[in-house]
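Peer 1: In full-length UniProt numbering, the protein residues as written are 1 to 289. My questions will all concern the structure given below.
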Amino acid sequence: MSKEKVIDISTRKTGKIVGICAAAVAAIIVVVSSVSIVPAGCTGVVTTFGKVSDTALNEGLHLKVPFAQRVTTVSNKIQVYQADADAVSKDLQTVNSTIAVNFRIKSASSASIFKNIGSDYENVILMPTVQECMKSVCAKYTAEQLITDRAQVGEEIKAQLVSKVDEYGIEIEKFNIVNFDFSSEFNEAIEAKQVAEQNLLKTKTEQEQAIVVAEAEAKKKVIAADAEATFIKTKAEAQAEANKTISESLSNELIKYQTIDKWDGVLPKVANDANPLISLDLDEQKTAE
């Protein structure tokens, strides 16, 4: 009898302990289910029995109805979407490009995107919109312009992209054209054109250099001619001035003196008016003797 009573007490105590433990576990589960933590840079979308709330929870600790409500985290940080995009240029060249889009989900639009689009918003919204904008803008430019005006093309694509995805609550931070690629035929044509332009530029440069050299030589000759003319003029003026001085200083006595001084004592055999010795007063000297 006593042994049976001990067994009954032990069984009751064990059942009581199990009940307490189960209640504690249930209480912990309820408490944990009543709390939700939204990480930094995110918002929490609340669903009550599957119905999405119009407002989202901000960062931090929040309470919710256990088992009835669920909080889904939506990232509002900047994300990168990179993909290949094909288009056709204005001159009907096939354009293969790689693009990268930096975007983020607006906090105020987290609930709407979760409800209407879901978590696959990159494939549902971004991919078709990027493809459409690429085709629309590239069709306005020739293949060569797409290369030379790449920055302008990127800004125009970004502007179109912003206007189309903003209504969904997606904000475009940056748009980059990582790479432009064309057909091999077009690349060969561009290379041939560049070579031709380089050759033309080289020829033009050589011609310009030849012209510069010729002009320099011509200027040099002009300067030399001017210098020579100036020298001749100066020399002639100096000679004229000297002749004028000599002419003014001449007299009959000086001429006679110079004639006698230079005479070698031999009378000329031909007497005429051109011989200066004829004008000497030799007869007068003989008569005087």
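Idealized CB from N, CA, C, for every residue including glycine.
Where does K16 land, buried or exposed, given buried means 16+ other C-beta within 10 angstroms?
Peer 2: The residue is exposed, with fewer than 16 neighbouring Cβ atoms inside 10 Å.
Peer 1: Around the C-beta of T43, are 16 or more other C-beta atoms found within 10 angstroms, so that it is buried, or is it exposed?
Peer 2: Its Cβ being crowded by 16 or more others within 10 Å, T43 is buried.
Peer 1: Counting only the same chain and skipping the five closest in sequence on each side, list residues whose C-beta sits under 7 Å from that of T14.
Peer 2: Answer for T14: no residue qualifies.
Peer 1: If contact is defined by three or more beta carbon pairs under 8 Å, each pair taking one atom from either stretch, is the stretch 151-169 in contact with the stretch 132-143?
Peer 2: With the cut-off at 8 Å, the stretch 132-143 and the stretch 151-169 touch.
Peer 1: Give the DSSP-derived three-state secondary structure of Q79 in the structure shown.
Peer 2: Of the three classes helix, strand and coil, the one that applies to Q79 here is strand, per DSSP.
Peer 1: Mapping the DSSP letters down to three states, classify F231 as helix, strand or coil.
Peer 2: F231: helix per DSSP, three-state reduction.
Peer 1: Quick check on this structure: which residue in T98, Y81 and I105 has the alpha carbon closest to the alpha carbon of T73?
Peer 2: That would be I105, whose Cα lies nearest to the Cα of T73.
Peer 1: Rank K115, Q207 and N58 by C-alpha distance to the C-alpha of S36 and give the top, closest one.
Peer 2: Cα-wise, what sits closest to S36 is N58.
Peer 1: Quick check: F180 and I147, are their CB atoms within less than 8 Å of each other?
Peer 2: Yes, they are a contact pair.
Peer 1: F114 by DSSP, collapsed to three states: which one?
Peer 2: F114 falls in the helix class under three-state DSSP.
Peer 1: Can you say whether T203 is buried or exposed, counting buried as having 16 or more other CB atoms within 10 angstroms of its CB?
Peer 2: It is exposed - the Cβ of T203 has fewer than 16 other Cβ atoms within 10 Å.
Peer 1: Using a threshold of 8 Å, state whether the C-beta atoms of Y168 and I125 are closer than that.
Peer 2: Contact: yes.
Peer 1: Which residue comes first and which comes last in the beta strand (DSSP E) that contains L61?
Peer 2: Start and end: G60 to L63.
Peer 1: Using three-state DSSP, classify G44 as helix, strand or coil.
Peer 2: Looking at G44 - three-state DSSP - the assignment turns out to be strand.
Peer 1: Could you tell me whether the stretch 106-124 touches the stretch 38-53, where touching means 3 or more Cβ pairs closer than 8 Å?
Peer 2: Yes, they touch.
Peer 1: Mind checking which residues open and close the alpha helix (DSSP H) that includes L146?
Peer 2: Where L146 is concerned, the enclosing alpha helix (DSSP H) stretches over A143 to T148.
Peer 1: Give the straight-line distance between the Cα atoms of Y81 and V212, rounded to the nearest whole angstrom.
Peer 2: So the two alpha carbons sit approximately 56 Å from each other.
Peer 1: Please report the residue range of the alpha helix (DSSP H) in which S136 lies.
Peer 2: Counting along the chain, the alpha helix (DSSP H) containing S136 begins and ends at M127 to C138.
Peer 1: Take H62 as the anchor and find which of V46, E237 and Q160 has the nearest alpha-carbon.
Peer 2: Looking at the Cα atoms, V46 is the closest of the given residues.
Peer 1: Please name the residue, chosen from F182, N76 and T259, that lies closest to S107 on a Cα-to-Cα basis.
Peer 2: Among F182, N76 and T259, the Cα nearest to that of S107 is on N76.
Peer 1: So what does DSSP say about S36, is it helix, strand or coil?
Peer 2: DSSP places S36 in strand when its eight states are reduced to three.
Peer 1: State buried or exposed for T205, treating a residue as buried only when at least 16 other CB atoms are found within 10 Å of its CB.
Peer 2: Counting Cβ neighbours within 10 Å, T205 comes out exposed, since fewer than 16 surround it.
Peer 1: I'd like to confirm the pairing. Which residues does DSSP put opposite A87 in its beta bridges?
Peer 2: DSSP lists V95 as partners of A87.
Peer 1: Need the endpoints of the beta strand (DSSP E) that K174 sits in, please.
Peer 2: Counting along the chain, the beta strand (DSSP E) containing K174 begins and ends at I170 to D181.
Peer 1: Can you tell me which of the three DSSP states F67 falls into?
Peer 2: Coil.
Peer 1: Note down the Cα distance separating E188 from V162, rounded to an integer number of angstroms.
Peer 2: One C-alpha to the other measures close to 36 Å.
Peer 1: Would you list the residues sitting across from L200 in a DSSP beta bridge?
Peer 2: Partner(s): none; L200 has no beta bridge.
Peer 1: Report the CB separation of A83 from V130 in whole angstroms; it is logged as a contact under 8 Å.
Peer 2: A83 to V130, Cβ: 7 Å. Contact.
Peer 1: Could you give the distance in angstroms between the alpha-carbon of E173 and the alpha-carbon of V101?
Peer 2: Between E173 and V101, the C-alpha separation is close to 8 Å.
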